[in-house]
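Enquirer: Going down the list, the protein sequences come from chains A and B.
For the first sequence, numbering that gives the first Met the number 0 assigns the number 0 to the initial residue and increments by one for each residue that follows.
For the second sequence, numbering that gives the first Met the number 0 assigns the number 0 to the initial residue and increments by one for each residue that follows.
Ideal Cβ placement from N, Cα and C applies to all residues, glycine included.
First, the structure itself, so that you have it in front of you.
There are 2 protein chains.
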Amino acid sequence: MSARVTMRDVAQAVGMSPMTVSRALRDDRTVNAKTRARVRQVADDLGYVYDSTAQAFRTQKSGFVAVTLPSVNNANFAETFRALTNGLGEAGLQLLLGSTNYRVEREEQLVRQLLTRNPEALVLTGGHHTLETRKLIQGRGLPVIEMWDLPADPLGHVVGFSNGDAMAHIVGHLVRTGRRKLAFVGASEGADMRGAVRRAGVVRAARMHRLPEVAMIDAGPAPVSMRHGAAVIEEMGRDVAKYDALVCVSDPVAFGCLSAVQRMGLRVPEDLAITGFGNFEVAKVSNPRITTVNVHAEDIGRQVVAVLKGIFDGEINEPVRIDVGSALVEGETS
Amino acid sequence: MSARVTMRDVAQAVGMSPMTVSRALRDDRTVNAKTRARVRQVADDLGYVYDSTAQAFRTQKSGFVAVTLPSVNNANFAETFRALTNGLGEAGLQLLLGSTNYRVEREEQLVRQLLTRNPEALVLTGGHHTLETRKLIQGRGLPVIEMWDLPADPLGHVVGFSNGDAMAHIVGHLVRTGRRKLAFVGASEGADMRGAVRRAGVVRAARMHRLPEVAMIDAGPAPVSMRHGAAVIEEMGRDVAKYDALVCVSDPVAFGCLSAVQRMGLRVPEDLAITGFGNFEVAKVSNPRITTVNVHAEDIGRQVVAVLKGIFDGEINEPVRIDVGSALVEGETS
DNA sequence: ACACGGATTGTTATCGGTACCATGTTATCG
DNA sequence: CGATAACATGGTACCGATAACAATCCGTGT
Numbered sequence: 000m001s002a003r004v005t006m007r008d009v010a011q012a013v014g015m016s017p018m019t020v021s022r023a024l025r026d027d028r029t030v031n032a033k034t035r036a037r038v039r040q041v042a043d044d045l046g047y048v049y050d051s052t053a054q055a056f057r058t059q060k061s062g063f064v065a066v067t068l069p070s071v072n073n074a075n076f077a078e079t080f081r082a083l084t085n086g087l088g089e090a091g092l093q094l095l096l097g098s099t100n101y102r103v104e105r106e107e108q109l110v111r112q113l114l115t116r117n118p119e120a121l122v123l124t125g126g127h128h129t130l131e132t133r134k135l136i137q138g139r140g141l142p143v144i145e146m147w148d149l150p151a152d153p154l155g156h157v158v159g160f161s162n163g164d165a166m167a168h169i170v171g172h173l174v175r176t177g178r179r180k181l182a183f184v185g186a187s188e189g190a191d192m193r194g195a196v197r198r199a200g201v202v203r204a205a206r207m208h209r210l211p212e213v214a215m216i217d218a219g220p221a222p223v224s225m226r227h228g229a230a231v232i233e234e235m236g237r238d239v240a241k242y243d244a245l246v247c248v249s250d251p252v253a254f255g256c257l258s259a260v261q262r263m264g265l266r267v268p269e270d271l272a273i274t275g276f277g278n279f280e281v282a283k284v285s286n287p288r289i290t291t292v293n294v295h296a297e298d299i300g301r302q303v304v305a306v307l308k309g310i311f312d313g314e315i316n317e318p319v320r321i322d323v324g325s326a327l328v329e330g331e332t333s
Numbered sequence: 000m001s002a003r004v005t006m007r008d009v010a011q012a013v014g015m016s017p018m019t020v021s022r023a024l025r026d027d028r029t030v031n032a033k034t035r036a037r038v039r040q041v042a043d044d045l046g047y048v049y050d051s052t053a054q055a056f057r058t059q060k061s062g063f064v065a066v067t068l069p070s071v072n073n074a075n076f077a078e079t080f081r082a083l084t085n086g087l088g089e090a091g092l093q094l095l096l097g098s099t100n101y102r103v104e105r106e107e108q109l110v111r112q113l114l115t116r117n118p119e120a121l122v123l124t125g126g127h128h129t130l131e132t133r134k135l136i137q138g139r140g141l142p143v144i145e146m147w148d149l150p151a152d153p154l155g156h157v158v159g160f161s162n163g164d165a166m167a168h169i170v171g172h173l174v175r176t177g178r179r180k181l182a183f184v185g186a187s188e189g190a191d192m193r194g195a196v197r198r199a200g201v202v203r204a205a206r207m208h209r210l211p212e213v214a215m216i217d218a219g220p221a222p223v224s225m226r227h228g229a230a231v232i233e234e235m236g237r238d239v240a241k242y243d244a245l246v247c248v249s250d251p252v253a254f255g256c257l258s259a260v261q262r263m264g265l266r267v268p269e270d271l272a273i274t275g276f277g278n279f280e281v282a283k284v285s286n287p288r289i290t291t292v293n294v295h296a297e298d299i300g301r302q303v304v305a306v307l308k309g310i311f312d313g314e315i316n317e318p319v320r321i322d323v324g325s326a327l328v329e330g331e332t333s
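Below is the structure:
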């Protein structure tokens, strides 16, 4: 019934022009203090709600930063996302989130959709994209940050770490503790590049240390989690004992493997070492604690915020490449 | 440098009016098939990107559904969120996500911000809000859904379950298996109402069964997770054995407790039962499996989508109240 | 050849803020 | 006291897409 209250209505109510109302509701300089107070009071009384859409349209600044994540249901990405939300919230920016379900085609579709909202920056997780995605992004003046990876051919700015290096930490550690027969537990080869890169990192590191060929244990299509790790090990049965160590693509998978291994009466780390990835909470709380790699998820978020602020303030003009590194976290499973 | 490409530019390039271009890019009826094909081709060639902001402004339909969650870093909420994203994505709607960090004041601020984006519906997690939040929402024609709860005085539609009932399932089960001395492990009393409601549910159920007073074990300010559960039990030491059962506010907390209890050499469930809440993945994979309550997180998301579709299609006019229920999941910790 | 109706395409005004420029009003100073 | 600056407010146009209505084209039947 009652049409929406606009600035025009507020202006009429206080007997001033919409322009003054507009200024009173944000600009703090030119408007007289008493006027501003009165305007705000009246706006409140009328139940006026500011229209960000109109503002975004007129100023051509949406106030959005678009972010793609492989999955929200992942404590690590959630941590990064939280840091982004908090940091950008302070700057008056709002996050537009899309999740790719670990598929680059889905990412492309998502980027297409997000771009129509005219975001002020685009933050992508990972460094692998379809050609079409790259085309969509390039040429536009839009600031782009790829995070959680260190791509060889970046689209713009980069804040991440090397999955290969991180896996090398793990393998090095296993070698030092006398393990030689490794098996990698991860998702099937397919759309998810993240897992593939980690797998490749393990293989490369194993070769460097002159270990026998790394076995591959397929836990099913991405995303894989606790239950997939547990299921694939249960299926294998005690055969799993022929390996020295299970190198898992993530901590949840490692925990699943750990649980299954323990259930069948094998001891960790005596009979078998298990390592994870990501320093999830479960790694520190499980029993025994899982050896893993900390990839500084929250720090990535904070650094991305810093880069974005630098871009918006005009302090950053050249593409930035920040390696937040990764650090071995020795647990009790290796 | 090169200004943004608009429909006008595309129109000029194909030698037609912007109106035709507009129609060609969506409406499939009135535009000639060949014209449409040509328009789309040219739009593509020019790198035209549709401007949803302008559309939202002109049509007064933002294409957004605003959602608040206590935390993204929670597998349960993430599950609901995923279901919402998928379901609403099909309907061409995009989610605008905000997280409240378990605080109603933060929720108020968030709602205020989200409303300026003119969302087509508002989905809130939980049934407790500040008075100001209620005022902000009411009077506007905006469809509102509260989920994950069954509030006594709802703002609009409701899709949820009773935390009290769910806890009663747990307590009933513990009583049946012979436990009497219960302790509740959860966050400190404070801003988070969710935890408080669960605690109250345990207390009420215990009274009904004429059990001794339920002890309260404070795991610190919300949100509490694995490490808080583990820490508080470690701190207590073997004193914890004076209870029959630890009733935890969530599965992650229960897993933390379980791990700490096992570390100090106590056996679960022989010496002590432990129960969780939410049917998280960890409950099914841990060793022993944790007894918990399934609250159908994904189903909640799907039902919310169904309600929203019903509202948008004009099929739902009265406030809806859907109880998705909750179900005991017997594990091995009780 | 002409009227008629469906199929296509065009014209105009508009959504709600705000950039830009203009105007009026009150202090300040030589 | 008049000129000038600093302050405060108003007028107008516009961001890009589209609803509503208008106009044109074309094939068909008589």
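With a threshold of 8 angstroms, are at least 3 pairs of Cβ atoms found where one atom belongs to the segment 302–311 of chain B and the other to the segment 141–159 of chain B?
Expert: Enough Cβ pairs lie closer than 8 angstroms, so yes.
Enquirer: Residues in the same chain with beta-carbon distance under 7 angstroms from B/Met0, minus the five sequence neighbours each way, listed in chain order, please.
Expert: Your numbering for residue 0 of chain B matches position 1 in the second sequence. Residue placement at B/Met0 is flagged as unreliable, the pLDDT there being 42, under the threshold of 50; the coordinate-derived value follows with that caveat. Within the same chain, B/Met0 has no close Cβ partners at all.
Enquirer: Quick one: what's got a C-beta closer than 8 angstroms to A/Gly236's C-beta in the same chain, skipping five residues either side?
Expert: Translated into positions along the first sequence, residue 236 of chain A becomes position 237. These residues qualify, in order along the chain: Met263.
Enquirer: Tell me which residues of the segment 65–77 of chain A have at least one Cβ-Cβ distance to chain B shorter than 7 angstroms, keeping chain order.
Expert: Cβ contacts with chain B: Val71, Asn72, Ala74, Ala77.
Enquirer: Unbroken alpha helix (DSSP H) runs of length 4 or more, entirely within the segment 157–236 of chain A: which are they?
Expert: Runs of the alpha helix (DSSP H) inside the segment 157–236 of chain A: 162–175, 192–207, 225–235.
Enquirer: Compute the beta-carbon to beta-carbon distance between B/Gly159 and B/Asp148, rounded to the nearest angstrom, for a pair I have assumed lies under 8 angstroms.
Expert: Residue numbering aside, residue 159 of chain B sits at position 160 when the second sequence is read from its first letter. Residue numbering aside, residue 148 of chain B sits at position 149 when the second sequence is read from its first letter. That belief holds up - the Cβ atoms of B/Gly159 and B/Asp148 are roughly 5 angstroms apart, short of 8 angstroms.
Enquirer: Here's the rule: buried if 16 or more other CB atoms are within 10 angstroms of the residue's CB, otherwise exposed. What is A/Met225?
Expert: One-based indexing of the first sequence puts residue 225 of chain A at position 226. Buried: at least 16 other Cβ atoms inside 10 Å.
Enquirer: Suppose you measure from the CA of B/Ala282 to the CA of B/Ile136; what does that come to, to the nearest Å?
Expert: On the second sequence, residue 282 of chain B is found 283 positions in, with the first residue counted as 1. On the second sequence, residue 136 of chain B is found 137 positions in, with the first residue counted as 1. Cα-Cα distance, rounded: 37 angstroms.
Enquirer: Output, in sequence order along the chain, the residues in the segment 94–116 of chain A whose CB is closer than 9 angstroms to any CB in chain B.
Expert: Answer set for the segment 94–116 of chain A: Leu94, Leu95, Leu96, Gly97, Ser98, Asn100, Arg111, Gln112, Leu113, Leu114, Thr115, Arg116.
Enquirer: My understanding is that A/Leu95 touches A/Ala65, with C-beta atoms under 8 angstroms, so please give their C-beta distance in whole angstroms.
Expert: To locate residue 95 of chain A, count along the first sequence from 1; it is residue 96. To locate residue 65 of chain A, count along the first sequence from 1; it is residue 66. With a Cβ gap of about 5 angstroms, A/Leu95 and A/Ala65 count as contacting.
Enquirer: Using the rule of at least 16 other Cβ atoms within 10 Å of the residue's Cβ for burial, across every protein chain shown, is B/Thr29 buried or exposed?
Expert: As a working mapping, residue 29 of chain B is identified with position 30 in the second sequence. With fewer than 16 Cβ atoms within 10 Å of its Cβ, B/Thr29 is classed as exposed.
Enquirer: Which stretch, first to last residue, makes up the beta strand (DSSP E) that contains A/Phe63?
Expert: As a first step, residue 63 of chain A must be located in the first sequence, where it is residue number 64. A/Phe63 -> beta strand (DSSP E) spans 63–68.
Enquirer: When DSSP labels each residue in this structure, what does A/Ile310 get in the three-state scheme?
Expert: To locate residue 310 of chain A, count along the first sequence from 1; it is residue 311. Helix at A/Ile310.
Enquirer: Check for me: the alpha helix (DSSP H) holding A/Gln108 runs from which residue to which?
Expert: To locate residue 108 of chain A, count along the first sequence from 1; it is residue 109. 103–114 is the extent of the alpha helix (DSSP H) around A/Gln108.
Enquirer: Determine the closest residue to B/Arg197 out of B/Ser249, B/Leu327, B/Arg25, with distance taken between C-alpha atoms.
Expert: Locating residue 197 of chain B in the second sequence gives position 198, where the first residue counts as 1. With distances taken between Cα atoms, B/Arg197 lies closest to B/Ser249.
Enquirer: Curious, which full-length beta strand (DSSP E) runs of at least 3 residues does the segment 35–99 of chain B contain?
Expert: Runs of the beta strand (DSSP E) inside the segment 35–99 of chain B: 63–68, 93–98.
Enquirer: Quick check on the DSSP output: the alpha helix (DSSP H) that includes A/Arg262 runs from which residue to which?
Expert: One-based indexing of the first sequence puts residue 262 of chain A at position 263. Start and end: 250–262.
Enquirer: Is there at least one Cβ from chain A nearer than 8 angstroms to B/Lys283's Cβ?
Expert: The residue labelled residue 283 of chain B in the question sits at position 284 within the second sequence. Chain A, which has a Cβ nearer than 8 angstroms to the Cβ of B/Lys283, makes this yes.
Enquirer: Would you report the Cα separation of B/Ile289 and B/Asn75, rounded to the nearest angstrom?
Expert: Within the second sequence, numbered from 1, the residue matching residue 289 of chain B stands at position 290. Within the second sequence, numbered from 1, the residue matching residue 75 of chain B stands at position 76. About 16 angstroms.
Enquirer: Check each residue of the segment 38–52 of chain A: if its Cβ is closer than 9 angstroms to any Cβ of chain B, include it; give the result in chain order.
Expert: Listed in sequence order: Gly46, Val48, Tyr49, Asp50, Ser51, Thr52.
Enquirer: Mind checking the segment 221–233 of chain A against chain B and listing, in chain order, the residues whose C-beta falls within less than 7 angstroms of any C-beta there?
Expert: Here the close residues are Ser224, Met225, Arg226, Ala229.
Enquirer: Given that a residue counts as buried once 16 or more other Cβ atoms are within 10 Å of its Cβ, and exposed if not, what is B/Leu87?
Expert: The residue labelled residue 87 of chain B in the question sits at position 88 within the second sequence. B/Leu87 is buried by the Cβ-count criterion.
Enquirer: To which residues of the same chain is B/Ala182 closer than 6 angstroms at the C-beta, ignoring the five residues directly before and after it?
Expert: Locating residue 182 of chain B in the second sequence gives position 183, where the first residue counts as 1. If we look at B/Ala182 and ignore the five residues flanking it on each side, its Cβ neighbours are Ala214, Ile216, Tyr242, Leu245.
Enquirer: Determine, for A/Glu89, whether the minimum Cβ-Cβ distance to residues of chain B falls below 8 angstroms.
Expert: In the first sequence, residue 89 of chain A corresponds to position 90, counting from 1. So, not an interface residue.
Enquirer: Since B/Leu121 is in the beta strand (DSSP E), which residue starts that stretch and which ends it?
Expert: Working through the second sequence from its first residue, we reach residue 121 of chain B at position 122. First-last of the beta strand (DSSP E) with B/Leu121: 120–124.
Enquirer: Excluding sequence positions up to five away, which residues of its chain have a Cβ less than 7 angstroms from the Cβ of B/Pro17?
Expert: Taking the second sequence and counting its residues from 1, the one referred to as residue 17 of chain B is at position 18. Excluding sequence neighbours, B/Pro17 sits near Met6, Arg7, Ala10.
Enquirer: With a Cβ-Cβ cutoff of 8 angstroms, do B/Cys247 and B/Val319 count as a contact?
Expert: Position 248 of the second sequence, counted from the start, is the residue given in the question as residue 247 of chain B. Position 320 of the second sequence, counted from the start, is the residue given in the question as residue 319 of chain B. No, the pair does not count as a contact, with Cβ atoms beyond the cut-off.
Enquirer: Between B/Gly300 and chain A, is there a C-beta pair that is closer than 8 angstroms?
Expert: The residue labelled residue 300 of chain B in the question sits at position 301 within the second sequence. Not an interface residue.
Enquirer: Please list, in chain order, the chain A residues whose beta carbon lies closer than 7 angstroms to that of B/Phe80.
Expert: The count along the second sequence starts at 1 and reaches residue 80 of chain B at position 81. Going along chain A in sequence order, the residues near B/Phe80 (Cβ under 7 angstroms) are Val71.
Enquirer: With distances taken Cα to Cα, identify the nearest neighbour of A/Arg81 among B/Pro69, B/Glu104, B/Leu154, B/Phe254.
Expert: As a working note, residue 81 of chain A is residue 82 in the first sequence. Selected option, being the one with the closest Cα: B/Pro69.
Enquirer: Counting only Cβ pairs nearer than 7 angstroms, list the residues of chain B close to A/Ser61.
Expert: Residue mapping note: residue 61 of chain A aligns to position 62 of the first sequence, counting from 1. Within chain B, the residues near A/Ser61 are Thr52.
Enquirer: Can you tell me whether A/Asn278 is buried or exposed, with buried defined as 16 or more other CB within 10 angstroms of its CB?
Expert: Numbered from 1 along the first sequence, position 279 holds the residue referred to as residue 278 of chain A. Classification for A/Asn278: buried.
Enquirer: Going straight from the alpha carbon of B/Ala90 to that of B/Asp312, what length do you get?
Expert: In the second sequence, counting from the first residue as 1, residue 90 of chain B sits at position 91. In the second sequence, counting from the first residue as 1, residue 312 of chain B sits at position 313. The straight-line gap from Cα to Cα measures roughly 11 angstroms.
Enquirer: Within this structure, are the beta carbons of B/Thr176 and B/Ile273 separated by less than 8 angstroms?
Expert: As a position in the second sequence, residue 176 of chain B is number 177, starting the count at 1. As a position in the second sequence, residue 273 of chain B is number 274, starting the count at 1. No, these two residues do not count as a Cβ contact at 8 angstroms.
Enquirer: At the 8 angstroms Cβ level, is B/Ala55 part of the contact set with chain A, yes or no?
Expert: Indexing the second sequence from 1 puts residue 55 of chain B at position 56. By this cut-off, B/Ala55 is an interface position.
Enquirer: Any C-beta of chain A within less than 8 angstroms: which residues of the segment 241–258 of chain B qualify?
Expert: Cβ contacts with chain A: Pro251, Phe254, Gly255, Ser258.
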